[in-house]
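Accompanying notes for the structure given below.
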Amino acid sequence: MRKRIALWLFVVASALLTGWGVWSYANPSAQCRGEIMGPGDVCHYSSPNSEVTDVVQTYEQRIATMRQQLPYVIGVGAAATVFNAVLLVRSGKEGHRSVDDPVLLHERDLADPEV
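Start counting the sequence shown at 17; every next residue gets the next number (the working numbering).
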C-alpha cells in the first residue's frame, strides 16, 4: 500500500513539474535580486567582492535564457510522469499475496511451508 501511495505522489509531483515548466514557458518573468524585471530593465551580475559589476544582462536576455532551459524541465517532468505511471500500473497488476516466510518469496514451488 505504501508503495502505491509513494508512486502516486511521484506521479503527481512530476506532473506538477511538467505543468510548472509549461506555465513558466508561456508566462515568463525575470527577476534581479528578488525584484521583478520588465522590458528594458538590466541586471548587473554580482561577484563575491562586489554587488555590482560591469557585466550586465537585459530582461530580454534573461527571458531568452529561461526559454532555452525550460524545454529540458518539461521533458524531464514528462518522462518522470510517464515512467512513474507505468510503475504504478505495473504495481497494480502484481498479486498482493500474504507470505509468511521470506524463503517462499524466492522459491514459490515449495509444497511444504515448514521447510
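Backbone N, C-alpha and C fix where the C-beta goes; we use that ideal spot for every residue, glycine too. Quantities reported herein were computed from a predicted structural model and do not represent experimental measurements.
What is the DSSP secondary structure of residue i, counted as helix, strand or coil?
| i | result |
| --- | --- |
| V71 | coil |
| P64 | coil |
Identify the residues that DSSP records as bridge partners of residue i: which are they?
| i | result |
| --- | --- |
| I52 | Q47 |
| V58 | T74 |
Span of the alpha helix (DSSP H) holding residue i?
| i | result |
| --- | --- |
| A41 | Rather than Ala, the amino acid found at residue 41 in this sequence is Tyr. Here the alpha helix (DSSP H) through Y41 covers R18 to A42. |
Would you say residue i lies against chain D (beta-carbon separation less than 7 Å)?
| i | result |
| --- | --- |
| L25 | Checking the listed chains, one finds no chain D in this structure; it contains a single protein chain. |
request  = Answer yes if the region 82 to 93 comes into contact with the region 52 to 59, meaning at least three C-beta pairs across the two stretches below 8 Å, and no otherwise.
outcome  = They do not touch, by the three-pair rule.
key: Contact the region 30 to 42 vs the region 93 to 106: 3+ CB pairs below 8 Å   = Yes: the two stretches touch, three or more of their Cβ pairs being nearer than 8 Å.
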